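Report on the structure given below.
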Amino acid sequence: MKILSIDSSTPQSCSVAFIKDKSIIAQSTITLNTPRSDRILTMVDEVLAARNIEEVDGFAVTCGPGSFTGLRVSASLLKGFVLATGKPFMGINTLEALAGTVNLTSLQICALLDAKKKEVYMAFFKYQNGQIKRLSEDRVCPPETLRDLVTEPTVFVGSGIQTYGAMLSAHLG
852 MKILSIDSST PQSCSVAFIK DKSIIAQSTI TLNTPRSDRI LTMVDEVLAA RNIEEVDGFA
912 VTCGPGSFTG LRVSASLLKG FVLATGKPFM GINTLEALAG TVNLTSLQIC ALLDAKKKEV
972 YMAFFKYQNG QIKRLSEDRV CPPETLRDLV TEPTVFVGSG IQTYGAMLSA HLG
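Positions 852 to 1024 (the numbering used here) are the ones given, in order, by the sequence shown.
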């Protein structure tokens, strides 16, 4: 199966990937200094390169939590592709996708995004039988609340660690 996947859920970056049978064939990722709408179609063109949109069997898009503007841009683009091609699509939870980037570990995983306004988007996950399993629902909370929720050794992943990593490290060790 060939999937065109779009992630613009974080304000810091945007990525587009062409995936065939769980392998990334082509991808484009940028750190944003300009609005997503200025670059995302160019990124799709780069990823599809010599391919035709008709070769795509379906589409995937991150559906949050995350940047409202970014989510709107990618959802609108996806809607256009689906209407034009009639191909199926699916939404991918942003925090679950982040947690899935962590190599197999026995430790709890906390996917963490900076939600701005001194809050974070977060959820806990853990590998069980080689599969990532959700331990909590997505949540928005102050980083101090997250700090108090961590009761075991935890791997943190996501852009929220850039903003709140020092505070979490100082408290959690």
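Heads up, the beta-carbon is just placed ideally off N, CA and C, and yes, glycines get one too. Small disclaimer: the values here were computed from a predicted structure and weren't measured.
Cα-Cα, which of the options is closest to residue i?
i	options	result
Gln-1013	Leu-963, Val-933, Lys-984, Ala-974	Leu-963
Phe-919	Arg-902, Thr-945, Met-894	Thr-945
Lys-938	Gln-959, Arg-923, Cys-865, Glu-906	Glu-906
Glu-1031	Thr-956, Ala-900, Asp-989, Pro-994	Limits of the chain in this structure are 852 at one end and 1024 at the other, which puts residue 1031 out of reach.
Val-867	Gly-917, Arg-923, Val-898, Ser-874	Val-898
Gln-982	Val-991, Met-1018, Pro-993, Thr-952	Thr-952
Leu-986	Ile-881, Leu-958, Ala-901	Leu-958
Ser-864	Leu-922, Asn-903, Arg-902, Leu-1019	Leu-922
Asn-903	Val-924, Lys-930, Ala-935	Ala-935
Who are the near neighbours of residue i in its chain, counting only those whose CB is closer than 7 Å to its CB and skipping five residues on each side?
i	result
Asp-965	Val-971, Ser-1010, Gly-1011, Thr-1014
Leu-928	Ile-857, Ile-891
Asp-872	Met-852
Check the C-beta distance from residue i over to residue j and give it rounded, since I have them as a contact under 8 Å.
i	j	result
Ala-926	Val-1008	In fact, because the Cβ distance is near 24 Å, the residues do not count as touching under 8 Å.
Met-894	Ile-875	So it is not a contact: roughly 14 Å between Cβ atoms.
In the DSSP assignment, what residue or residues form a beta bridge with residue i?
i	result
Glu-970	Lys-967
Thr-880	Ser-866
Using a Cβ-Cβ cut-off of 8 Å (strictly less than) and excluding sequence neighbours within five positions of residue i, which residues of its own chain qualify?
i	result
Asp-896	none
Gln-878	Ser-866, Val-867, Ala-868, Phe-869, Val-898
Pro-1004	Leu-958, Gln-959
His-1022	Arg-998
Which residues in the same chain have their Cβ closer than 6 Å to the Cβ of residue i, if we skip the five residues on either side of it in sequence?
i	result
Leu-955	Tyr-978
Lys-967	none
Val-933	Phe-940
### Message
Quick test of the definition: if touching needs 3 or more C-beta pairs under 8 Å, does the region 854–862 touch the region 905–912?
### Response
Output reads yes: the region 905–912 touches the region 854–862.
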